[in-house]
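Take the sequence shown: its letters are residues 1211 to 1398, numbered as in my numbering.
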Amino acid sequence: MSPHILEVYRRQARNNALCNLRLFRACKALTPEAYLAPRASFFGSIHNTLDHILLVDERYLLRLAGVVPGPARAEGSLYLDLESLREARHRVDREIWDRVTASTEADLSKPAVLVDDHGQTVREPRLIVWEHLFHHQVHHRGQVHGLLSQTSVAPPQLDEFFLGIDHQRRVADLAELRDLGFSDIAKA
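As structure tokens, this is what we get:
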């Protein structure tokens, strides 16, 4: 395992917080009706897709902590409006950052216990679970980006990944993250 993988995960966690800040800001510019409107997508709306990302993040964080979560809820949103979902999203983004920055290389080799759809227990290295968590987020944030393109609100920039050339584009966003209490995440 590369000794630099934890730095890659820190970058992924930082990117996660930045992208979520931008997505939720765009969603806040929508009317509640447009935000909750049924849309041709796997989860049926912008809200339900964002809720799904959060649910899966929470479940994988439990697994990474050694807890086997109970059955996932089959349908419906845990958070019924944008603001409660945004608050929960910030909480989970903070937890992701804290967990990643506290992890050691040895932690990544430890198993996480997953239970498949048939009730079978599967052990995966935490390294793989972290990778899955980050890839899952990117996949579904891309769907939200596409759904926003069906609205009057322009989808935000999501593919900037903390390159020096993009620094000026994120200065205001990093300041907003600092204002939200993410000072250690919001490093330029």
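Glycine is no exception: its CB is placed at the ideal position from the N, C-alpha and C atoms.
Threshold first: 3 residues or longer. Then list the beta strand (DSSP E) segments lying entirely within the region 1264-1345, N to C. Listed in chain order, they are 1321-1325, 1331-1335.
Tell whether a beta-carbon distance below 8 Å holds between Ala1312 and Leu1274. In this structure, Leu1274 does not lie closer than 8 Å to Ala1312 by Cβ.
May I ask you to report which of helix, strand or coil DSSP gives Ile1217? As written in the sequence, residue 1217 is Glu, which differs from the Ile given in the question. Note: Glu1217 maps to helix in three-state DSSP.
Please determine, among Gly1254, Val1218, Ser1287, Ile1215, the residue with the shortest C-alpha to C-alpha distance to Val1354. Distances from the CA of Val1354 to each of Gly1254, Val1218, Ser1287, Ile1215 were compared; the closest alpha carbon is that of Gly1254.
Pairwise C-alpha distance: Leu1384 and Ala1398: Residue confidence for Ala1398 is low, a pLDDT of 47 falling below 50, so the modelled location carries little weight and cannot support an answer.
Considering only their Cβ atoms, is the gap separating Ile1263 from Arg1351 smaller than 8 Å? Yes, the Cβ-Cβ distance between Arg1351 and Ile1263 is below 8 Å.
Which of helix, strand or coil does DSSP assign to Glu1370? Looking at Glu1370 - three-state DSSP - the assignment turns out to be coil, as it is neither helix nor strand.
Pairing CB atoms from the region 1235-1246 with CB atoms from the region 1337-1350, are three or more of them under 8 Å? Not touching, per the Cβ criterion.
Do Arg1299 and Ala1282 have their C-beta atoms within less than 8 Å of each other? Between Arg1299 and Ala1282, the C-beta gap is not smaller than 8 Å, which leaves the two residues out of contact.
What's the gap between the Cα of Asn1230 and the Cα of Glu1370? Approximately 13 Å between the Cα atoms of the pair.
With a CB to CB cut of under 8 Å and the five nearest residues on each side skipped, what residues in its chain are close to Tyr1219? Taking Tyr1219 as the centre and dropping the five residues before and after it, the same chain places the C-beta of Val1310, Ser1313, Trp1340, Phe1344 closer than 8 Å to its C-beta, in chain order.
State yes or no: is the C-beta of Leu1288 within less than 8 Å of the C-beta of Asp1267? Not closer than 8 Å, so no.
Per-residue burial, Pro1248 [other beta carbons within 10 Å of its own, 16 or more giving buried]: Within a 10 Å sphere around the beta-carbon of Pro1248 sit fewer than 16 other beta-carbons, which makes this residue exposed.
Nearest by alpha-carbon distance to Thr1331: which of Phe1392, Pro1279, Ala1227 is it? Comparing alpha carbon positions, the residue from Phe1392, Pro1279, Ala1227 closest to Thr1331 is Pro1279.
Would you tell me roughly how many angstroms separate the C-alpha atoms of Arg1388 and Ile1395, rounded to the nearest one? One C-alpha to the other measures close to 8 Å.
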